[in-house]
Structures are given as structure tokens and as C-alpha cells.
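Participant: Chains R, F, W and H supply the protein sequences, listed in that same order. Sequential numbering of the first sequence, starting at 1, is according to this note's numbering. Sequential numbering of the second sequence, starting at 1001, is according to this note's numbering. Sequential numbering of the third sequence, starting at 2001, is according to this note's numbering. Sequential numbering of the fourth sequence, starting at 3001, is according to this note's numbering. Next up is a structure, given as C-alpha cells.
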Amino acid sequence: MNDMARLQKQRLALYGWMLVAPALALMSLFAFYPAIATLWHSLFTRGTTRRPSVFAGFDNYGDLFADPTFWTVAWNNIIYAGITIPVSIIFALIMALWANAHIPARSFVRSAYFTPTILPMIAAANLWLFFYTPDLGVIDQITGFFGASPTNWLGQPETALASVIMVTIWKEAGFFMIFYLAALQTIPPDLREAARIEGAGRWTYTRRVLLPLLMPTTIFVFVNAMINSVKLIDHLFILTKGGPNNASKLILYWIWEMAFSYFDSPHAAAMTILVLLTLGLVAVIQFRLVEKRTHYR
Amino acid sequence: MSAQSPFIQIKAVSRVFNGCNGVHDLSIDIPRGSFVVLLGPSGCGKSTTLRLIAGLETADQGTIAIDGKDVTNMPPSRRGLSMVFQSYALFPHLSVAENIIFGLKVRKTGKEEIRTRLDDALSVTGLAGYEDRKPAELSGGQRQRVALARAIVAGHPLCLMDEPLSNLDAKLRHSVRRDIRELQQRLGITVVYVTHDQTEAMSMADIVILMKDGRIEQAGNPADLYLKPATSFAAGFVGSPPMALIPASALPGDVIPAGLDMTKLTFGIRPEDLVLTTSADQSAWSIAATVTGSEFLGAETFVSVAIPGTEGATARLPGQVHIAPGTKVSLSWAGAAAHWFDGEDGHRLEPAMPRQTAQEPNTSIETDTAIPSL
Amino acid sequence: MRNIVTSAAFAAGLMATAASPAFAATELTMYYPIAVGGPLTNVIDGMIEGFEAEHPDVKVNAIYAGNYDDTRLRAVSALKSGDPAQLSVMFSIDVYDLIEQDLIVPFDDVVKTAEDKEWLKGFYPALMANGEVDGKTWGIPFQRSTIVMYYNKDMFREAGLDPEHAPATWEELVSAGKALAKDGKWGLMVPSTGYPYWMFQCFAIQNGKELMSKDGTETYFDDPAVVEALEFWRGLATDEKIMPEGTIEWGTLRQAFVQGQTAMMWHSTGNLSAVKREAKFDFGVAMLPKHKKPGSPTGGGNFYLFKNSSDEQKAASLALIKYMTAPERAAEWSIATGYVGVTPEAYETDALKSYAAEFPQAVVARDQLEVAIPEFSTYDTARVREGLNNAIQAALTGEKSPKEALEGAQAEATRLLRAFH
Amino acid sequence: MNTAFASHPAKRTLPDFDKILDTIGAWALAIVWISPLLFATWAALQPSGTALGLDFSSPLTIENFVYVWNAVPWAGYFANTVVLVTLILAGQLVLCTLAGFAFARFEFRGRDTIFILVLLQLFILPEVLIVENYAIVSKLGLFDTALGIGLPYMASAFGIFLLRQAFKSVPVELEEAARIEGCSWMGVLWKVYVPAAKPVYLAYALVSIATHWNNFLWPLIVTNSPDTRPLTVGLSLFGAPETGVDISVISAATIMTVAPLLIAFLIFQRQFIQAFLRAGIR
């Protein structure tokens, strides 16, 4: 009897492993193994014909911290994340509320919000490049119509990063909207009515009921947005190439430059490891938080 | 405020949704302090009526006044009422206490007062000690009481309840029914209560408003509804088992009261008014029927019978009765127990002179020996 | 597909080690970037077909690999994972890094016959300069450009300037620019994103100073002449007001020019065909104006030979490169793109002759080769270049003074290049 | 609000200001959001060199589309893209279903650790591992194949996470009922869980298709031939920033690339959104 139960349990565990195995194998092959290889590479110097690669310990990491570009790029990325994440989340939420409200031509509105999501980033960046053209670009033509003088959006350090941020938000908000839209549907209409009866206005209801209830979605979206704030750099290649003077350079772009432009894969590897560590840490914390916050469901 | 002027006055209100499930030209007066139940099958408009009173819907036509104040176009929060939802609509992320005082906080009631009122509500509903729990950590009955507490905490004179017991099990429902009634009387508030369960309506209401297809079928106290159903629908809806409704064409001609047109006439008889006899002695006053089954409930037995050309009937017999299915019986009743309805529009007909029955039938089935078990 | 390729290559390798005398079918894999907008893969494919017809024993997989950066990445990925690739078109200025990474072999090792050696001498020397390191030739010019000045003749006429005489000196440039900059239009635009160092080389050389030593181990960013050159560039916007302030976007500049937003632009000759197609007005192309001396850097892509290929493959690669740089192909490529024909013979072909006759703008870049210098390239070139780019942008956007910015870049470059002395 | 709000008849006594404001806001934002695409459409219909003039009187032309169409074997690229996207999606659905099922319904030692590993994979950016991944694909002999492009994306942490959540929300009673009827584990998965998670599958499919339809760099790197390359490679031919971009042509190429997806989305918009809504992804 007891043996049967144990056998049964072992069999289930075996099934579990078998089910996970294929995905785990592929992940190991294309994520974990390369990540570990990267870690390994980061411990060696760059090998050239003159100097073969030698073990360097954590020297590459030390070099990074000593490089002022590292701090510029890290700071840029913090600003980039610090703006794109909350702003796209807020836009996504507003969009979801509107796309969920009963307004005329709702399908059009939903499609309009969502469409940027399905454009290739490269194509989107090419289009935006022209919007940002000083004088001639659509943005300057519109602001010019209201009497503003032309702005060299991508060409000055004050606006370059902001311009890049705009494109990211435009691209992402519609995607996140979908998740909010889905979550909104799971909130019973009763709650809104109960709140109305209790005298809660729209704002109170949103703040005291809706937002807390959407918290799990927000965390999910937040994690995604955070990953994207590191990941999404395609448009940099087209829009600013990190310029002017590093004003819009982001971490992954810099890694990319180091690896494929500077032929300096050890430092790129070290930087990659730093990013992975940071993200991994945040991921674990977030995951804990998600599990905790979803308890009441 | 004069005693006569109704607390809630609904005048000629209509609300239509794409042609279905609305209410049409509805007028209701609800006296202060009464317990009013809106009763009816699903889709009859009872919930819409409640939502119109609440202000969750706005009337297309007509006016609604509460406490003498025209509230037709007022938002719910300014109507001075509270509501208990079928699903309870508790905020899952808030604790019991936070749920209860949600409205007080919205209205920026003072901290002190919130505390006092919360304690009151908690003790009245027996929830003391559960303040910090989340709704998910409560049983169904407890959640129901949280919803109730939230409804009474503000001290509004009007409380609307939308099928508040339908998610509880039968035993609990019975006790909560009594609690709610008691609470209503203690607080002296007016309750408008929606249900499709006629037992609930009959046991709780001062006034039952029976609705069908967005219109009022009958309004009155529970006894009126039971004893003098205004329509065949009301007759069939109220009472359990329901009143048997038999086309007059299936009856022996002698029992039809004079002056009624038997071609479009429905005869109604409550189960407890039916008399069963096993003998083949069919009289001019009785109908032939066949027993199809019986349910023993302890104090009484329901015997269902098939009558050719009808949907059948149920008789309520005291004590335990054994009748084998297939047994031929004849049915009879006291003349005064008969209800008559128009066969077409269903309204109640009062025959000027009920035809005299030959005699009060002998209660020929009284004990389980009367009919030999076959 | 790939399996066939691999096994064929494998077979070829086997046969080679077996010292088979037979000239077995040779497989070549070549990467190339498309650096000018438009579907030029067709032109390349046509050339490859022509080559294969002439050399039936060689099979070429010519693979479009994106832009220059993508192509470099592609080549590096392939070589580091041991995939066979024998040659590639890549940035001419990547040469030091490719040598450092031990990825390429010099042509001197492959060029055996006297005829081939003669062929090496047939290119314009200015175009060969970038590919020559340590006395060896590592890159053969293919899609090469210089920077020229495009100008809008209609706007010149409106401003009362001679449309047949483009500004030839800095002074003329400024005065013409002032006449042209009005009504929200600009006199001149010099792009400063993408390749700021390249444009800056123009100003520096015109002011009499090159930015780096011939052996790629020294830079002269803080030389007074260089600082002055950057001050002049910045002054075009801040003092002379003939150019907008801040950086000017490389990618959209052509559109700005063809829509008449600026009367003059400095840009790669690689844009010529596109400008010709898009401009709805009469435009001229001129050599860049001189100051102390005339001059422009070259730019663009060279052929490189990768290591780890068999002798047969190297020989076949050489044959392919010879074919693709032969006068007819060079002329065809030049007409299709606007790039410079890489040999003087190219300009003797009928095709290019008649093209130049009807479209004289096409030979300006060639003429400028007389005074052209190699494109900026050093060891650790991308990093050194990035420092320079940032300095230029910092100066143009007013974040730093030209002197301060260039001194910083020089210090950084000195540090990076110390290892290579 | 519920459906009642959608259909109120004419005789409302008060105008609903909230709703009017909502409508104005929603529309304004929608127009702002869609305008880049509208502009691209307009630019694609302009002769090169005039698009940025925003001169609405100028005649429209399809020359850019003709030029773009003739320049690249779009039909082949389109077919490759469809094959690629289908393959990736199929792989993802199978792998993520199995893994999601295991994480949702099986108890085994190390499960939570592995799940954290899976989540970590979300953060391992394939973009920086390109050289390593290239080597692996090459070693597997999958270079220049659709499978080679797709394989690194098939074990999607995102998919596993979504499906795990979806499976977890399926009532256990359903599973138990099926098992009493004699379903094997696979039968339970196939007959109970998969149908129950259908909306999640649809939603995930939409995200996956949109992502991989637009992936560029990786396919470019691991392919050699026009027989395997996707649409975005065709697009890249027109956006070469080395010499500058022609807005009209790049717009036309962009529209050509996304048109199939866009049309599919517009046609199935309702179903897609509904799928998401029913997915209840949180």
C-alpha cells in the first residue's frame, strides 16, 4: 500500500521531468550554456595575434567600472527604463480602460493602439527617423504650425534619449494594453457597481479598487517592460547609434559595440554577465512578489 | 412626511435593452420601513427594477422618487441607499474591515465615527474577530454577512438586496433569512429584496411584488398572493408544490361555475385542497387520474397524478401514504378551494355563485390503510 | 542545402590534402553588405553568374549580409564557429582589427604570378592606401567612395550665385552659404551622425593635417590644425549660421537635400545614383572646397581573404576578386551605385565613358582621388574612432569646446594605442 | 459596466459627459498612435524626394511599390516567413504545453528551482549570445534551415509561464472527471487542459507570430540563401543607413512587409482581442 503510493509518486515525478525535459534541453543549449560560456570568456583577456588570451580573473570587470562610458551608459539605461516602464504602463492602462469602455468605433481604437506592436522595430525606427528630421520632419512641421522653432530631436544630447524613449513607448504600450484588457475582463462588474453605490467616483474606484486588482498584471507587465528596457535596442542602430556623444547609448548597444565593433568580446562578456546578474536578481525578487500578491485569487 | 406618502415611488418607469429584459411602464409605491420582495422568474425585470432604484440604470421614461426626492437622474451615491449584491461584490484585495468601511472612507467620515460604526456593524453581523481577513479566507456565509455589514454600516434608510442568499446552502439560507428580517426590523430600514425563490419571498416579505416580462403581475402581502392569486401565472409561481392548473375542458361539466365559459377557462387547485379516493366511484364532481409517483417528506406526502389532457397535478396528503404508481384514483375538492382563471389572459375570475358541490367529500384517504398497498 | 555545401567543401579539402592534381570544383562563400539603399543584390548576383560562367569549376555563394556592421558580425560569427567562408566585402577601415583577430591573410601570400602582381598595381593608390599595413596588401577596393559636395543649382541661381561654380575654398563656402541660407533653408549641411570622424577628416585634411599616422598607431586629434578644423565646422553653425546647430542626421540628410531644405550637402559619392533618381531639380557635384590644401578621405568596402581556406579556394577567391574589380564590372558597379570605379581602366570603358558624358557629376569623385587620403583607421580602430566621434559630437552640440573635446579623445586614443607601438 | 450601457436608447435625459470625454480621449490617442503608419502609407504613395513636403495636393503614385516589388523576391520571402513563423509557433506550443503542464500539475523534486531557471531565461538576451548560438546551430547542422532559425526560440519561457498559469486555473475536478473516464495523462492534457486554455493559446500565438514575423538579425545571421530568408531581410535592403534612406521606398517596403500580418490582424482583430480577453492573462 505504502509502496504503491511511493511508486505512484515516483512515477509522477518521472512524468514531470519527462515533460519538462525537451524545453529544458533547448533552454540549456541556447541560453544557459551560452550564458555560462559568456561568463567563462569574461575571465580572459582579449586574444590577438600579438597577445594570446590569458586568464585575467575579474580584471575585465574592473576595467568596466573604471570606464566612464560604463557609468554614462548605465545611467542612460536607468533613465530609459525609469521613463519607458512607467509611462508605457500608464499608457497601456489608459488604453485598456478606453478600449474596454463602450465607445463608438471601439474596434478601430483597439487596432490603432495595437498596430505598432506588429511593426518590425527596424521599420518603425526608419519611419521615426523621418519624423524627427529637423524642419522637414512631421513632428517639426506640426510644432512649427504652432509657432515652435525647429528642434534637432536626435541631434542634441538633451532630446536624443527622449526621442528614443518615445519610439519605445509607442511600440510597447499597445502590447501591454492587451494584458490589461484581459485582466479588466476578469474583474466582475459588480465591484464597480458596489463602489458606485458606496459613493466612489471614477477616480476613487480606479485608485482604490481597479489598480490594486490589476496589481498582478502590473507586475507581469512590469517585468516584461523591464526586460524590454534592456533588450530593445534595434531602433538605436537606426535612430542615433547611441549618439550624440553617448547621450542615447544603452547597455545592450554598448555590449554589441564592444563585441562586434571593437572586437572586444571579453569586456562585452563581462558586461553581459553584469546585466544578467542584475536582471536575474530582479527577476527572483519579482517572482517572489508575484506569488505573494496573487494569493488572494 | 405624512404616513401615506410612499417612501419609494416609481412612476411609469420604462427601461428597455434592445427589446429584452427591460421593464415597461412600471409603477410601484413602497412604504417606509417595509420589507418588499421583487419576485419573479429570471428575465422578468426584477433586477432591472432594483438597479433602477439603485441608480445603476437610468430610466428611459418615468420618474423615481425616494423619500420624496426625485432621484431619477441622480447617481447612486446621492440616493442614500446601500446594496447587497448576489455575488456580494466584496473587494478581494481589501480586508473585511476595509470592505465594510469602504463607503465611509469615500465619504470622508471621521476616523472616530468610522471606528464606532464598524464595531457596530461587526457585532450586529457577528463578524467581530474577522476584521483582518481577506474575503477569500471566509466561508460563503461569512462573506454574505460582510456584504450585509457593508450595507448597513452607513446607516442608510434604504437597503437593496439582489438575490443575496442564492450562493448559500439551503440550511444557511434559512437562518440568514431570519437574520436579515430581524435586522431589518431592528434597524427600521426599508428593504427592497430581489429573489426568484418564492419561499424566500413568502417567508420574509411584508409586500411581494410578483413580476413577469417587465410588468407587475401581482403585488400584495404574501397571504393575498397565496390565497387569491391574481393570475394563473401568480398561482403557478407561488406555492410549492405549485397549484395544479387544469384546462376546464378536462373537468366534468358539473364543476364549472355558472356564467363561466368552459372553452377558455383554467381551473386551479392547491395540492392541499385536493382529495384522493381510490374507489372507482367516479362522481360528477371528480376527475379520474393515475398516480405517477409519491414523495414522502415526513409530515406529509406529495402524490403526483397524471390527468389525461393536462399537465397533471400534485396532492399534499398528511403523514405517510403508500400508493403504488399506476393506481387509478379520483380527485375531488371543496368548491371554495377552486380557483378560476381566464384561459387566455390568465386573469382571475370570480364566479358570482360557485356551483354547489353535492356534498363535502369524505376524507376517504386519511391513513395508510385506506389504500391497500399493491 | 548547407550539407551539400559542407560536403563539397569537405571533399575539396580531402582532395587537396591528398595532393590531387585535378582542379576539383571549388566552393566559395562570400559575404557582402549593401551600403546604399536599394536592391543591388541583383547586380551582385549578375556578376557572380558571369564569373561562374567563366569559371565553371568554381561555385560561389554570394551572401547578402546586411549593412557593414551586420556583415562584420556575420563574418566573425561564421569564422569563430569554424564555418567556411573564404572572402568578404567589409569596411576598409576594419583592416587592423581583422589582422589583430587573425582572420585575414594578405594578398601578397596569394598573388603569385607577375600578372597578378601587376593587377595589384592597377588600382588607384588612394583606394589601396587603407588596405596596406606593414608593407602588405590586405584589402582590395570594391565599393569605395570619397566625400563630395552636392549642390542645388536652382537654389544657387535664385541666390544669384553661379550654378556652374561651386565654392572651391572655405571662404567661398561660407559666403555662398550665407547667400543661400534664408527662408528657413540652410546653406550647407555636413552630416555628423553615423560617420562623424569621416566628415571631420575632410576639415582636418583641408586644414593641412591628417588625423592618424600611416601605421595606424598614432593619432593627432589635439594638433592645433585639427582643433582649428573642428572650430571651423562648429562655427559654420554657431558663427556663420549657414548650417543648423547640433548634429545632422546622416540617414535623412539626402532626403533633406532632395527636398530643397539645404542648398549644399557633403555626402558620400555612394549617394549619387539615389540623388540622381530622387532630385527633382538641377544639381551639381563638386570636389570639396580647399583651405590650406584640398582633400577628402576615401571610404567604403574592400575585399578581404579569410584564413583557413585551401590554396585552391584562395586562388579561386583571387580569380573572383579580379573578375569583380575588372574594368567592365567596376564601371557597372560605379554606374549602379555612384561608387568610384576602382581602377583608371574602369573610366576607359565605353559604359562609364558614355555615362560620364551625359552625367559629368559621376567623375567628380574620381578626380578627387588625386587628393584623397585614407579613411581614418588605426589599431583598435572602433574604440579610437568612437572616442573621436564622441568628441566631434560633443563639440558640435556645444557640450564641450572643440579643444577640450579633442584633447580628451587624444588622451583616450593614446592610451588605447600604447599597446601597439 | 455591463452591456446595458452599450445600448441605451435615445431618451436619456442627461448627456453622459464622462462618456463623451472618454470617446474624445480614446479617439485622439488612437489617431496619434496610428498616425506614423498612416504617414508611412501616405509617404509610400508619394514620388521619392517629395514625401516629407506633406503637400496633400500632390498626385499619388504606386511607383515605389512597383520598384520595391521588383527588387526583391517577395513571394519567396513571404513563403519563408510563413514557414518559419509556423514552425516556431508549432515548436513553442508543443514544448511550452508539456513544460507548462508539468509545472502546473506535477510534483517533482527540483520543480521550483527549474521554474526559476525558466524565468531566468526570460532575462538571458539572445541578442548578445548570437556568436555562441551561431556556433551551436552550426554544430547541429541546422545552419541555413528554418529549424535553425527557429530552434533557439522554441523553449519560450514566456509561453511556459503563460500556459502554467492557464493550466493552474483549470479546475482540478475537470481533470479528475477525465481520469475517472480512463484518460491517460496525455489524454487529460489533450482533452481537458488544452481545450480549456484555448484562448491563452490564441493570445500567445498572436504575440509569437508578431515577434518572429519581425525578427531580423538572427535570421540574417544564420541563413545564406534566399530559400530560407524571411521578409525582414528583404526590408533591410531598402533601409541602408550608410548612405541615407528614401522615405517613400522604405515606407513602401515596410508596408509590403507588414501588410500580410496587418491585414490578418484587421480581419481577425475581433477574434484576437477576444482571445486575449478570454485568456484572462494576469
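Ideal Cβ positions, reconstructed from N, Cα and C, are used throughout, including at glycine. Just so it is clear, the structure is predicted and the values come from calculations on it, not from any experiment.
At which residue ranges does the stretch 1118 to 1203 of chain F contain complete beta strand (DSSP E) runs of 3 or more residues, listed in the order of the chain?
Facilitator: Here the runs fully enclosed are 1158 to 1162, 1190 to 1195.
Participant: Could you tell me whether the stretch 2234 to 2243 of chain W touches the stretch 2176 to 2184 of chain W, using the rule of 3 or more Cβ pairs below 8 Å?
Facilitator: With a cut-off of 8 Å, the stretch 2176 to 2184 of chain W and the stretch 2234 to 2243 of chain W count as touching, because enough Cβ pairs lie within range.
Participant: What is the C-beta distance between Lys2185/W and Gly2284/W, in whole angstroms, given that I count them as a contact (C-beta under 8 Å)?
Facilitator: The residue given as residue 2185/W occupies position 185 in the third sequence. The residue given as residue 2284/W occupies position 284 in the third sequence. That pair is no contact at about 17 Å.
Participant: Give the residues from the stretch 2057 to 2078 of chain W that approach chain H closer than 8 Å (Cβ to any Cβ), ordered along the chain.
Facilitator: Flagged, chain order: Asn2061, Ile2063, Tyr2064, Ala2065, Gly2066, Asn2067, Tyr2068, Asp2070, Leu2073, Arg2074, Val2076, Ser2077, Ala2078.
Participant: Using the beta-carbon count (16 or more within 10 Å), is Trp203/R buried or exposed?
Facilitator: Residue mapping note: residue 203/R aligns to position 203 of the first sequence, counting from 1. Trp203/R comes out exposed.
Participant: Which runs of the beta strand (DSSP E), 3 residues or longer, sit entirely within the stretch 2028 to 2111 of chain W?
Facilitator: Those beta strand (DSSP E) runs which fall completely within the stretch 2028 to 2111 of chain W and span 3+ residues are 2058 to 2064, 2087 to 2091.
Participant: Please classify Arg2157/W as buried or exposed, where buried requires at least 16 other C-beta atoms within 10 Å of its C-beta.
Facilitator: Taking the third sequence and counting its residues from 1, one reaches residue 2157/W at position 157. The residue is exposed, with fewer than 16 neighbouring Cβ atoms inside 10 Å.
Participant: Reducing DSSP to helix, strand and coil, say where Ala2022/W ends up.
Facilitator: Residue numbering aside, residue 2022/W sits at position 22 when the third sequence is read from its first letter. In this prediction, Ala2022/W scores a pLDDT of 42, lower than 50, which makes its location untrustworthy; the coordinate-derived value is nonetheless stated afterwards. The answer is coil: DSSP assigns Ala2022/W none of H, G, I, E or B.
Participant: Note down the Cα distance separating Leu2396/W from Tyr3153/H, rounded to an integer number of angstroms.
Facilitator: One-based indexing of the third sequence puts residue 2396/W at position 396. One-based indexing of the fourth sequence puts residue 3153/H at position 153. Near 43 Å, if we compare the C-alpha coordinates of Tyr3153/H and Leu2396/W.
Participant: Using CA coordinates, which residue listed in Gly2208/W, Arg2254/W, Gly2131/W is at the minimum distance from Pro2294/W?
Facilitator: Counting from 1 along the third sequence, the entry for residue 2294/W is found at position 294. Looking at the Cα atoms, Gly2208/W is the closest of the given residues.
Participant: Provide the residue span of the beta strand (DSSP E) that contains Glu1300/F, from first to last.
Facilitator: Your numbering for residue 1300/F matches position 300 in the second sequence. Where Glu1300/F is concerned, the enclosing beta strand (DSSP E) stretches over 1300 to 1306.
Participant: Specify the secondary structure class of Tyr2150/W as computed by DSSP and reduced to three states.
Facilitator: Taking the first residue of the third sequence as 1, we reach residue 2150/W at position 150. Note: Tyr2150/W maps to strand in three-state DSSP.
Participant: Determine contact between the stretch 249 to 266 of chain R and the stretch 111 to 128 of chain R, defined as no fewer than three beta-carbon pairs at a distance below 8 Å.
Facilitator: No: fewer than three Cβ pairs fall under 8 Å.
Participant: I'd like to confirm the pairing. Which residues does DSSP put opposite Leu2288/W in its beta bridges?
Facilitator: Here the question's residue 2288/W lines up with position 288 in the third sequence. For Leu2288/W, which the question treats as bridged, DSSP gives no partner whatsoever.
Participant: Which chain R residues sit within Cβ distance under 7 Å of Gln3046/H?
Facilitator: As a position in the fourth sequence, residue 3046/H is number 46, starting the count at 1. Ordered by position in chain R, no residue passes the 7 Å Cβ test against Gln3046/H, which lies about 12 Å from the chain.
Participant: Listed in chain order, which residues of the stretch 14 to 32 of chain R have Cβ atoms closer than 7 Å to some Cβ of chain H?
Facilitator: Residues Tyr15, Gly16, Trp17, Leu19, Val20, Pro22, Ala23, Leu24, Leu26, Met27, Leu29, Phe30, Ala31.
Participant: Using a Cβ-Cβ cut-off of 8 Å (strictly less than) and excluding sequence neighbours within five positions of Thr115/R, which residues of its own chain qualify?
Facilitator: Here residue 115/R refers to the residue found at position 115 when the first sequence is read from its first residue. Hits under 8 Å: Gly174.
Participant: What separation, rounded to the nearest whole angstrom, lies between the Cα atoms of Ser2309/W and His41/R?
Facilitator: Residue 2309/W sits at position 309 when you count from the first residue of the third sequence. Residue 41/R sits at position 41 when you count from the first residue of the first sequence. Answer to the nearest angstrom: the Cα atoms are 26 Å apart.
Participant: Quick check on DSSP: helix, strand or coil for Leu232/R?
Facilitator: As a working mapping, residue 232/R is identified with position 232 in the first sequence. Correct three-state label for Leu232/R: coil.
Participant: Hey, which unbroken runs of the alpha helix (DSSP H) at 4 residues or more fall wholly within the stretch 2131 to 2177 of chain W?
Facilitator: Complete alpha helix (DSSP H) runs here, min 4: 2153 to 2158.
Participant: Going by DSSP, name the residue or residues bridged to Asn3133/H.
Facilitator: Locating residue 3133/H in the fourth sequence gives position 133, counting from the first residue. The partner list for Asn3133/H (beta bridge, DSSP) is empty, contrary to what the question assumes.
Participant: Can you pull out the residues from the stretch 208 to 219 of chain R whose beta carbon lies closer than 8 Å to at least one beta carbon of chain F?
Facilitator: Taking 8 Å as the Cβ-Cβ cut-off against chain F, the residues of the stretch 208 to 219 of chain R that qualify are Arg208, Val209, Pro212, Leu213, Met215.
Participant: What is the DSSP secondary structure of Pro2297/W, reduced to helix, strand or coil?
Facilitator: Stepping through the third sequence from its first residue, residue 2297/W is reached at position 297. Note: Pro2297/W maps to strand in three-state DSSP.
Participant: Counting only beta-carbon atoms, is Thr278/R nearer than 9 Å to chain W?
Facilitator: Walking along the first sequence from the start, residue 278/R turns up at place 278. Judged by the 9 Å Cβ criterion, Thr278/R is not in contact with chain W.
Participant: What residue range is occupied by the uninterrupted beta strand (DSSP E) comprising Gln1009/F?
Facilitator: Along the second sequence, read from residue 1 onward, the residue named residue 1009/F stands at position 9. Gln1009/F -> beta strand (DSSP E) spans 1008 to 1017.
Participant: Going by the CB atoms, is the gap between Arg50/R and Phe2420/W shorter than 9 Å?
Facilitator: The count along the third sequence starts at 1 and reaches residue 2420/W at position 420. The count along the first sequence starts at 1 and reaches residue 50/R at position 50. Cβ distance < 9 Å, so Phe2420/W and Arg50/R count as in contact.
Participant: Taking 9 Å as the threshold (C-beta atoms), are Ala2168/W and Pro2289/W in contact?
Facilitator: Position 289 of the third sequence, counted from the start, is the residue given in the question as residue 2289/W. Position 168 of the third sequence, counted from the start, is the residue given in the question as residue 2168/W. Yes; because the gap between Cβ atoms is below 9 Å, this pair is in contact.
Participant: Closer than 9 Å, CB to CB, is Ala194/R near chain F or not?
Facilitator: As a first step, residue 194/R is located in the first sequence; it is residue number 194 there, counting from the start. Yes, Ala194/R lies at the interface with chain F (some Cβ there is under 9 Å from its Cβ).
Participant: Do Phe3123/H and Leu191/R count as a contact pair if the criterion is CB distance below 9 Å?
Facilitator: On the first sequence, residue 191/R is found 191 positions in, with the first residue counted as 1. On the fourth sequence, residue 3123/H is found 123 positions in, with the first residue counted as 1. Not in contact: Leu191/R and Phe3123/H (Cβ atoms no closer than 9 Å).
Participant: If we count the other Cβ atoms within 10 Å of its Cβ and call it buried at 16 or more, is Phe1037/F buried or exposed?
Facilitator: In the second sequence, the residue the question calls residue 1037/F occupies position 37. It should be pointed out that residue 1037/F corresponds to Val in this sequence rather than to Phe. The residue is buried, with at least 16 neighbouring Cβ atoms inside 10 Å.
Participant: By how many angstroms is the C-alpha of Ile1323/F removed from the C-alpha of Pro1229/F?
Facilitator: Counted from its first residue, the second sequence places residue 1229/F at position 229. Counted from its first residue, the second sequence places residue 1323/F at position 323. Answer to the nearest angstrom: the Cα atoms are 31 Å apart.
Participant: Please classify Glu1311/F: is it buried, with 16 or more other beta-carbons within 10 angstroms of its beta-carbon, or exposed?
Facilitator: Numbered from 1 along the second sequence, position 311 holds the residue referred to as residue 1311/F. Its Cβ having fewer than 16 others within 10 Å, Glu1311/F is exposed.
Participant: Just by C-beta distance, which residues in the stretch 3252 to 3265 of chain H are closer than 7 Å to chain R?
Facilitator: For the stretch 3252 to 3265 of chain H, which is checked against every Cβ of chain R, the residues closer than 7 Å are Thr3254, Thr3257, Val3258, Leu3261, Leu3262, Phe3265.
Participant: Taking Thr38/R and Thr217/R to be in contact with their CB atoms under 8 Å, please state how far apart those CB atoms are, rounded to whole angstroms.
Facilitator: Position 38 of the first sequence, counted from the first residue, corresponds to residue 38/R. Position 217 of the first sequence, counted from the first residue, corresponds to residue 217/R. About 33 Å separates the two Cβ atoms, so there is no contact after all.
Participant: Cβ closer than 8 Å: which chain R residues qualify as neighbours of Ala1089/F?
Facilitator: Position 89 of the second sequence holds residue 1089/F. Result: Pro188, Asp190, Leu191, Glu193, Ala194.
Participant: Determine the DSSP secondary structure at Gly201/R, reduced to helix, strand or coil.
Facilitator: Position 201 of the first sequence, counted from the first residue, corresponds to residue 201/R. Residue state, collapsed to three classes: coil.
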